[in-house]
Amino acid sequence: MVEVKAVSSGADLSGRTVIAGVLTGLQPIPGSEAVFGQVEPRVMDIAGFEGKVGQVLSTPVGSGVAMLVGLGDEVSFESLRAGAGNAVRAVKAESAICLLGGVDIEGATRAVVEGLALGGYQFRPYKTKTEGKLKVKRVELPGADEGTVAAALIGVEATNLSRTWTNTPAMDKAPEEIAKVIIEEAEAAGLEVELWDFERIQREKLGALLGVAAGSDRPPVLLVLSHKPDSATKHLGLVGKGITFDSGGLSLKTAAFMEEMKDDMSGGGVVAAATIAVARYQLSLRVTTVIPFTDNAVGGNATRPGDVLRPGTGPTIEVLNTDAEGRLILADGLGVVRRYEPDFIVDVATLTGAAKVALGDQIGAVFASDSDVAASILQAASRAGEPFWELPLFRGYRKSLDSEIADIKNITGGRYGGAIAAALFLSEYAGDGPWAHLDIAGPARCRETAGEQVKGGSGAGVRTLLELAMTLADTD
Ligand code: BES
Ligand code: MN
Ligand code: ZN
Numbered sequence: 012m013v014e015v016k017a018v019s020s021g022a023d024l025s026g027r028t029v030i031a032g033v034l035t036g037l038q039p040i041p042g043s044e045a046v047f048g049q050v051e052p053r054v055m056d057i058a059g060f061e062g063k064v065g066q067v068l069s070t071p072v073g074s075g076v077a078m079l080v081g082l083g084d085e086v087s088f089e090s091l092r093a094g095a096g097n098a099v100r101a102v103k104a105e106s107a108i109c110l111l112g113g114v115d116i117e118g119a120t121r122a123v124v125e126g127l128a129l130g131g132y133q134f135r136p137y138k139t140k141t142e143g144k145l146k147v148k149r150v151e152l153p154g155a156d157e158g159t160v161a162a163a164l165i166g167v168e169a170t171n172l173s174r175t176w177t178n179t180p181a182m183d184k185a186p187e188e189i190a191k192v193i194i195e196e197a198e199a200a201g202l203e204v205e206l207w208d209f210e211r212i213q214r215e216k217l218g219a220l221l222g223v224a225a226g227s228d229r230p231p232v233l234l235v236l237s238h239k240p241d242s243a244t245k246h247l248g249l250v251g252k253g254i255t256f257d258s259g260g261l262s263l264k265t266a267a268f269m270e271e272m273k274d275d276m277s278g279g280g281v282v283a284a285a286t287i288a289v290a291r292y293q294l295s296l297r298v299t300t301v302i303p304f305t306d307n308a309v310g311g312n313a314t315r316p317g318d319v320l321r322p323g324t325g326p327t328i329e330v331l332n333t334d335a336e337g338r339l340i341l342a343d344g345l346g347v348v349r350r351y352e353p354d355f356i357v358d359v360a361t362l363t364g365a366a367k368v369a370l371g372d373q374i375g376a377v378f379a380s381d382s383d384v385a386a387s388i389l390q391a392a393s394r395a396g397e398p399f400w401e402l403p404l405f406r407g408y409r410k411s412l413d414s415e416i417a418d419i420k421n422i423t424g425g426r427y428g429g430a431i432a433a434a435l436f437l438s439e440y441a442g443d444g445p446w447a448h449l450d451i452a453g454p455a456r457c458r459e460t461a462g463e464q465v466k467g468g469s470g471a472g473v474r475t476l477l478e479l480a481m482t483l484a485d486t487d
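Here it is, written out as structure tokens:
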């Protein structure tokens, strides 16, 4: 990852690569005028540089390099974040100086740090050439507040952790293995960790998790992370979907749909990473995070369509489609988190293709037990710069989940409203308190590198949860 650090405002720019911001109409942003002034208009003309979003122009000036970054029509968190992300990948030197954060809007530094450190993410442990295209190792922010940079980096580093977990091939993230990797990070951040192994899960009678795990030779685990500051008066419960590979089970997916199913533990990675960020921030908020990890595979003992599962608590489930497995393990995850009696529960899951159909692959779906809960999630998402949109928890569809022989079935049998049906299913296990469900099937993976986004696992949701935790935390 690129190192981003604050330096004194009088930093020497000569001989350096200097990132400067330009709006459409070739207007330099405040702080970038001097660098912009050194670039001949003819050079911009020839390169077709107009200051549009996505445009970056590098040109030698004096003994250094001016790197002009298009920010579009206005300076906003979004344009700064995206511009910084585009710039960091275009730098050809080992180090650069970035002037984008110098504008007079509160939060500019954070947006620029996010753009640089998220846009400079690479995942190359499986490449022979581990160094990759990214040249720059360090970016300096003259005059930036050190504390602001450090705080922004907590959210960024958590996002990048979650990206790496999603990007890791399923062969190298069996439930026990991914849990071990997460535990290492969690303990380093000061979290309390409890790992339930297969025997413990059996003893606790988590029949829904066991039902999904039955088809795999790799045993399931359930991870509990706790952040328990003495000062906290409120308690947030998080649950993440940790399907380490979703083959669909006996209701097998087709090859094309299976291709990206190593992503199916993204929700688990997101809640774990957000919890780690909460601990590193030392927020005065209790957080209990529960992640059931299992494969959804097709072994001889796999759950069959028509089988009935008994979760630890809540309605018995007739499994009519083994590919609707996320809601099964979340039923048990929600049941476990409720034992800790949180005041507010949020689950995060790559739950339905239907959420992707409804909102496309860049927007996450939010379902909430009431409109205040929905508003708190949407406001957190907006502050984080992560697109989420509310979908209704429409009770009118609930009866489509009625089962002939059990309390509930795991699919409706119909073609439409699948994301809503899944959310209604979860609501049966979420209790009566404030609860939100984030379906990140779309945004968990990023399809193209642009701005702060890098193709692959996105970490979408980490910074939204962190923002939510900040608003729930006690402040003095
Ligand atoms: N993990 C998938 C959902 C998914 C699909 C995530 C595409 C990311 C991209 C989930 O377990 C699943 O298979 N859902 C089914 C549910 C259906 C059987 C009711 C789906 O969406 O097709
Ligand atoms: Mn599935
Ligand atoms: Zn799945």
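Residue numbering for the sequence shown follows the working numbering, beginning at 12 and increasing consecutively. Using N, Cα and C, we set each Cβ at its ideal position, and we do this for glycine too. All values reported here derive from a predicted model rather than from experimental measurement.
Please tell me whether, using a cut-off of 7 Å, the distance from the CB of residue 332 to the nearest non-hydrogen atom of the ligand BES is below it. Position 321 of the sequence shown holds residue 332. Residue 332: yes, Cβ under 7 Å from the ligand BES.
Between residue 163 and the ligand BES, is the CB less than 7 Å from at least one heavy atom? Residue mapping note: residue 163 aligns to position 152 of the sequence shown, counting from 1. No, the beta carbon of residue 163 sits no closer than 7 Å to any heavy atom of the ligand BES.
For a quick check, are the C-beta atoms of residue 128 and residue 13 less than 8 Å apart? If you number the sequence shown from 1, residue 128 lands on position 117. If you number the sequence shown from 1, residue 13 lands on position 2. It is a contact, given that the beta carbons lie within the stated cut-off.
I need the boundaries of the beta strand (DSSP E) containing residue 158, first residue and last residue. Here residue 158 refers to the residue found at position 147 when the sequence shown is read from its first residue. Taken as a continuous stretch (DSSP letters only), residue 158 belongs to no beta strand (DSSP E), being part of the alpha helix (DSSP H) at 157-178.
Pocket of the ligand ZN (residues with CB nearer than 5 Å to any heavy atom), chain order: 254, 257, 275, 337
With distance defined between alpha-carbon atoms, name the residue in 336, 313, 62 nearest to residue 33. Taking the sequence shown and counting its residues from 1, the one referred to as residue 33 is at position 22. Nearest option by C-alpha distance: 62.
Provide the residue span of the alpha helix (DSSP H) that contains residue 98, from first to last. As a working mapping, residue 98 is identified with position 87 in the sequence shown. It spans 88-101 - the alpha helix (DSSP H) in which residue 98 sits, taken as one unbroken run.
Between which two residues does the beta strand (DSSP E) harbouring residue 482 extend? Residue mapping note: residue 482 aligns to position 471 of the sequence shown, counting from 1. Run containing residue 482: none in the beta strand (DSSP E); it sits in the alpha helix (DSSP H), 473-483.
How is residue 297 classed by DSSP in three states: helix, strand or coil? Along the sequence shown, one-based indexing puts residue 297 at 286. In the structure shown, residue 297 sits in a strand (DSSP, three-state: E or B).
Evaluate residue 293 with the Cβ neighbour count: other Cβ atoms within 10 Å of its Cβ, from every protein chain shown; 16 or more gives buried, anything less gives exposed. As a first step, residue 293 is located in the sequence shown; it is residue number 282 there, counting from the start. Residue 293 comes out exposed.
Within 10 Å of its beta-carbon, does residue 199 have 16 or more other beta-carbons around it, so buried, or fewer, so exposed? One-based indexing of the sequence shown puts residue 199 at position 188. Classification of residue 199: exposed, given that the 10 Å Cβ count is below 16.
Quick check on the burial criterion: 16 or more other C-beta atoms within 10 angstroms. Buried or exposed for residue 456? Counting from 1 along the sequence shown, the entry for residue 456 is found at position 445. It counts as buried.
Residue from 236, 260, 180 whose Cα sits closest to the Cα of residue 227: Taking the sequence shown and counting its residues from 1, one reaches residue 227 at position 216. Taking only the C-alpha atoms, the option nearest residue 227 is 260.
Taking the alpha carbon of residue 345 as the reference point, which residue from 442, 273, 362 has its own alpha carbon closest? Residue mapping note: residue 345 aligns to position 334 of the sequence shown, counting from 1. Residue 345 has its Cα closest to that of 442, out of 442, 273, 362.
Per DSSP, the bridge partner or partners of residue 73: In the sequence shown, counting from the first residue as 1, residue 73 sits at position 62. Answer is none; residue 73 lacks a bridge partner.
Find the nearest neighbour of residue 334 within the set 461, 307, 92, 121, judged by alpha-carbon distance. As a first step, residue 334 must be located in the sequence shown, where it is residue number 323. Check the Cα spacing between residue 334 and each of 461, 307, 92, 121: the tightest is with 307.
If we ignore side chains and look at the alpha-carbon of each, how far apart do residue 195 and residue 339 end up? For the purposes of this step, residue 195 is taken as residue 184 along the sequence shown, with counting starting at 1. For the purposes of this step, residue 339 is taken as residue 328 along the sequence shown, with counting starting at 1. Whole-angstrom Cα-Cα distance: 27 Å.
Taking C-beta to C-beta, are residue 178 and residue 467 nearer than 8 Å? Here residue 178 is taken as the residue at index 167 of the sequence shown, counted from 1. Here residue 467 is taken as the residue at index 456 of the sequence shown, counted from 1. Contact: yes.
Using CA coordinates, which residue listed in 27, 287, 132, 380 is at the minimum distance from residue 480? By one-based count along the sequence shown, residue 480 stands at place 469. The residue with the shortest Cα to Cα distance from residue 480 is 287.
Quick check: is any heavy atom of the ligand MN less than 7 Å from the C-beta of residue 344? Mapped onto the sequence shown, residue 344 falls at position 333. Not under cutoff, so the answer is no.
Give the range of the beta strand (DSSP E) segment to which residue 237 is assigned. Indexing the sequence shown from 1 puts residue 237 at position 226. Element bounds for residue 237: 232-238.
Helix or strand or just coil, what does DSSP make of residue 358? Taking the first residue of the sequence shown as 1, we reach residue 358 at position 347. DSSP places residue 358 in strand when its eight states are reduced to three.
Which residue comes first and which comes last in the beta strand (DSSP E) that contains residue 403? By 1-based counting over the sequence shown, the position of residue 403 is 392. No beta strand (DSSP E) holds residue 403; DSSP gives it neither H nor E.
Return helix, strand or coil for residue 286, following the three-state DSSP convention. Position 275 of the sequence shown holds residue 286. Of the three classes helix, strand and coil, the one that applies to residue 286 here is helix, per DSSP.
The ligand BES heavy atoms versus the CB of residue 475: any closer than 7 Å? For the purposes of this step, residue 475 is taken as residue 464 along the sequence shown, with counting starting at 1. Answer for residue 475: no, Cβ out of range of the ligand BES.
Where residue 258 sits in the DSSP three-state scheme: Reading the sequence shown from its first residue, position 247 is the one you call residue 258. Of the three classes helix, strand and coil, the one that applies to residue 258 here is coil, per DSSP.
Using three-state DSSP, classify residue 106 as helix, strand or coil. Walking along the sequence shown from the start, residue 106 turns up at place 95. Residue state, collapsed to three classes: strand.
Quick one: is residue 263 buried, meaning 16 or more other Cβ sit within 10 Å of its Cβ, or exposed? Start at 1 with the first residue of the sequence shown, and residue 263 comes out as number 252. Flag for residue 263 reads exposed.
Can you give me the C-alpha to C-alpha distance between residue 431 and residue 356, rounded to a whole angstrom? Here the question's residue 431 lines up with position 420 in the sequence shown. Here the question's residue 356 lines up with position 345 in the sequence shown. Cα to Cα, the separation comes out at about 18 Å.
Run the proximity test for residue 365: is its beta-carbon closer than 7 Å to any non-hydrogen atom belonging to the ligand BES? For this step, residue 365 is matched to residue 354 along the sequence shown. Under cutoff, so the answer is yes.
Taking 7 Å as the cut-off, is the C-beta of residue 467 nearer than that to any heavy atom in the ligand BES? The sequence position of residue 467 within the sequence shown is 456, counting from 1. The nearest non-hydrogen atom of the ligand BES is 7 Å or more from the C-beta of residue 467.
Below 8 Å between beta carbons: does that hold for residue 400 and residue 377? The residue labelled residue 400 in the question sits at position 389 within the sequence shown. The residue labelled residue 377 in the question sits at position 366 within the sequence shown. Yes, they are a contact pair.
In whole angstroms, what is the alpha-carbon distance linking residue 326 and residue 133? Against the sequence shown, residue 326 aligns to sequence position 315. Against the sequence shown, residue 133 aligns to sequence position 122. Their Cα atoms are separated by approximately 43 Å.
Do residue 148 and residue 106 have their CB atoms nearer than 8 Å? In the sequence shown, residue 148 corresponds to position 137, counting from 1. In the sequence shown, residue 106 corresponds to position 95, counting from 1. Taking 8 Å as the Cβ cut-off, residue 148 and residue 106 qualify as a contacting pair.
For residue 360, verify whether its CB is less than 7 Å away from any heavy atom of the ligand MN. For this step, residue 360 is matched to residue 349 along the sequence shown. Residue 360: no, Cβ never under 7 Å from the ligand MN.
For the beta strand (DSSP E) holding residue 447, just list the boundary residues, first then last. For the purposes of this step, residue 447 is taken as residue 436 along the sequence shown, with counting starting at 1. Residue 447 -> beta strand (DSSP E) spans 446-450.
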